[in-house]
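Written out below as structure tokens is the structure these notes cover.
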Amino acid sequence: QNDVIADAASMLGDVADAFRMVDSGVSAAMRLLQGDLSVILMPPGAASDFVNALQKAWRSGDRLRGSTSDLVTMIKTMSGITLDPGLSPRGTWPTDSGSAAKQKMQRNMIAAAIRTTAISTAVHAVTTLKQPRDVPDVRGVNQPAGTGSDSDIITVMHPALDGVQTVGNGSSPPNYEDLKAIRTALNAAIDQEQLRIRDDVLFQQISVMRTDLNRDISARLAQVERTALRTPDDVLPALVLAATWYDDAGREFDILTRNPVPHPGFIPVEPLRVPVR
Numbered sequence: 161q162n163d164v165i166a167d168a169a170s171m172l173g174d175v176a177d178a179f180r181m182v183d184s185g186v187s188a189a190m191r192l193l194q195g196d197l198s199v200i201l202m203p204p205g206a207a208s209d210f211v212n213a214l215q216k217a218w219r220s221g222d223r224l225r226g227s228t229s230d231l232v233t234m235i236k237t238m239s240g241i242t243l244d245p246g247l248s249p250r251g252t253w254p255t256d257s258g259s260a261a262k263q264k265m266q267r268n269m270i271a272a273a274i275r276t277t278a279i280s281t282a283v284h285a286v287t288t289l290k291q292p293r294d295v296p297d298v299r300g301v302n303q304p305a306g307t308g309s310d311s312d313i314i315t316v317m318h319p320a321l322d323g324v325q326t327v328g329n330g331s332s333p334p335n336y337e338d339l340k341a342i343r344t345a346l347n348a349a350i351d352q353e354q355l356r357i358r359d360d361v362l363f364q365q366i367s368v369m370r371t372d373l374n375r376d377i378s379a380r381l382a383q384v385e386r387t388a389l390r391t392p393d394d395v396l397p398a399l400v401l402a403a404t405w406y407d408d409a410g411r412e413f414d415i416l417t418r419n420p421v422p423h424p425g426f427i428p429v430e431p432l433r434v435p436v437r
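The numbering used here puts the first residue of the sequence shown at 161, with every later residue one more than the last.
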């Protein structure tokens, strides 16, 4: 059992290192969880205890309660960490002893819990992104999954994630490029995870989650304007630039919210991300 705890600590260390420069909240929570493994993973601890602890660690991220940009960064990082070689399953060999084979099996279960809770948290974070105009409500992403004993990883994850806060009204919705990048990253993570799953119930639950995720993002994409890079001819106020490009000075917001402009009265002569129309 000590070897399994050491394996789990190593994997959590990989996650903490990956998030050190992205979100110190998650990194610190994973370090704290490392110290609790001997209590959580030893009898009479249950698998759900570890999954619940993982969920709390993921939700410790400061960026999950930040701006739209922070949420987008977290979603991409969470989906990316699932592809880390340190969290990949380990195969067993006929020459492995019984104890070695059991250790690998338990290690793989822990790695699967880390990966699937990361994916689930990232998928749920998508639903907390500010909506562009009126987008149909997609409930499936946030629904609890099945109840099989082999599917505890998914079963307990969604209700516990209800504590994630929605992005404040002051944040702008994610742009077209961010939504496409999120969809690509999460689908890559889910595709890879499905190749690793042996349990039919778990496979079906993740498939449903992906379907709901893609439906949610597709609905958002239909409401978001495509953007392009455009460079002003001169240093101008955002009002003047909006009037020149769109014949509508009121669209200065479209320029200011998509670009790190120091002052709205002085838009620099450099490429700006702005709506095509």
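Note that beta-carbon positions come from the ideal geometry of N, C-alpha and C, so glycine has one too.
Paired residues, beta bridge with residue i - DSSP
{"i": "residue 433", "result": "389"}
{"i": "residue 342", "result": "Partner(s): none; residue 342 has no beta bridge."}
{"i": "residue 366", "result": "Residue 366 pairs with nothing; no bridge assigned."}
{"i": "residue 427", "result": "396"}
Boundaries of the alpha helix (DSSP H) in which residue i is found, first to last residue
{"i": "residue 268", "result": "258 to 288"}
{"i": "residue 220", "result": "Taken as a continuous stretch (DSSP letters only), residue 220 belongs to no alpha helix (DSSP H), as it is neither H nor E."}
{"i": "residue 384", "result": "Unbroken run through residue 384: none, as it is neither H nor E."}
{"i": "residue 237", "result": "228 to 241"}
{"i": "residue 185", "result": "184 to 200"}
{"i": "residue 179", "result": "162 to 179"}
{"i": "residue 357", "result": "First-last for residue 357: undefined, no H or E at that position."}
{"i": "residue 405", "result": "398 to 406"}
{"i": "residue 247", "result": "Where residue 247 is concerned, there is no enclosing alpha helix (DSSP H), given that its DSSP letter is neither H nor E."}
{"i": "residue 394", "result": "Per DSSP, residue 394 belongs to no alpha helix (DSSP H) and is neither H nor E."}
Top-ranked residue by Cα proximity to residue i, from the options
{"i": "residue 201", "options": "220, 267, 335, 417", "result": "267"}
{"i": "residue 246", "options": "174, 188, 337, 437", "result": "174"}
{"i": "residue 224", "options": "382, 286, 406", "result": "286"}
{"i": "residue 250", "options": "261, 243, 434, 345", "result": "261"}
{"i": "residue 392", "options": "402, 162, 358", "result": "402"}
{"i": "residue 196", "options": "186, 185, 209, 184", "result": "209"}
{"i": "residue 382", "options": "168, 339, 242", "result": "339"}
{"i": "residue 274", "options": "290, 284, 244, 416", "result": "244"}
{"i": "residue 373", "options": "280, 384, 216, 336", "result": "280"}
{"i": "residue 222", "options": "185, 420, 408", "result": "185"}
{"i": "residue 183", "options": "220, 206, 165", "result": "220"}
{"i": "residue 364", "options": "375, 377, 350", "result": "350"}
{"i": "residue 420", "options": "360, 206, 229", "result": "229"}
{"i": "residue 203", "options": "385, 165, 232", "result": "165"}
{"i": "residue 434", "options": "411, 371, 256", "result": "411"}
{"i": "residue 395", "options": "367, 425, 386, 176", "result": "425"}
{"i": "residue 216", "options": "192, 235, 233, 239", "result": "192"}
{"i": "residue 194", "options": "272, 206, 207, 214", "result": "214"}
{"i": "residue 241", "options": "271, 227, 379", "result": "271"}
Classification of residue i by the beta-carbon crowding that lies within 10 angstroms, buried from 16 upward
{"i": "residue 354", "result": "exposed"}
{"i": "residue 171", "result": "buried"}
{"i": "residue 389", "result": "exposed"}
{"i": "residue 179", "result": "buried"}
{"i": "residue 325", "result": "Its pLDDT being 43, under 50, residue 325 is placed unreliably in this model, and the value from its coordinates should be taken loosely. With fewer than 16 other Cβ atoms within 10 Å, it is exposed."}
{"i": "residue 292", "result": "buried"}
{"i": "residue 211", "result": "buried"}
{"i": "residue 253", "result": "exposed"}
{"i": "residue 301", "result": "At residue 301, the pLDDT of 46 sits below 50, so the modelled position is not reliable; the number obtained from the coordinates is stated separately. Buried."}
{"i": "residue 284", "result": "buried"}
{"i": "residue 162", "result": "exposed"}
{"i": "residue 422", "result": "exposed"}
{"i": "residue 190", "result": "buried"}
{"i": "residue 360", "result": "exposed"}
{"i": "residue 344", "result": "exposed"}
{"i": "residue 265", "result": "exposed"}
{"i": "residue 259", "result": "exposed"}
{"i": "residue 187", "result": "buried"}
{"i": "residue 167", "result": "buried"}
{"i": "residue 181", "result": "exposed"}
{"i": "residue 239", "result": "buried"}
{"i": "residue 371", "result": "exposed"}
{"i": "residue 313", "result": "Confidence at residue 313 is low in this model, with a pLDDT of 40, below 50, so the placement of that residue is unreliable and no value is reported for it."}
{"i": "residue 429", "result": "exposed"}
{"i": "residue 436", "result": "exposed"}
Test: residue i CB closer than 9 Å to a CB of chain D
{"i": "residue 225", "result": "The question asks about chain D, but that chain is absent: this structure has only one protein chain."}
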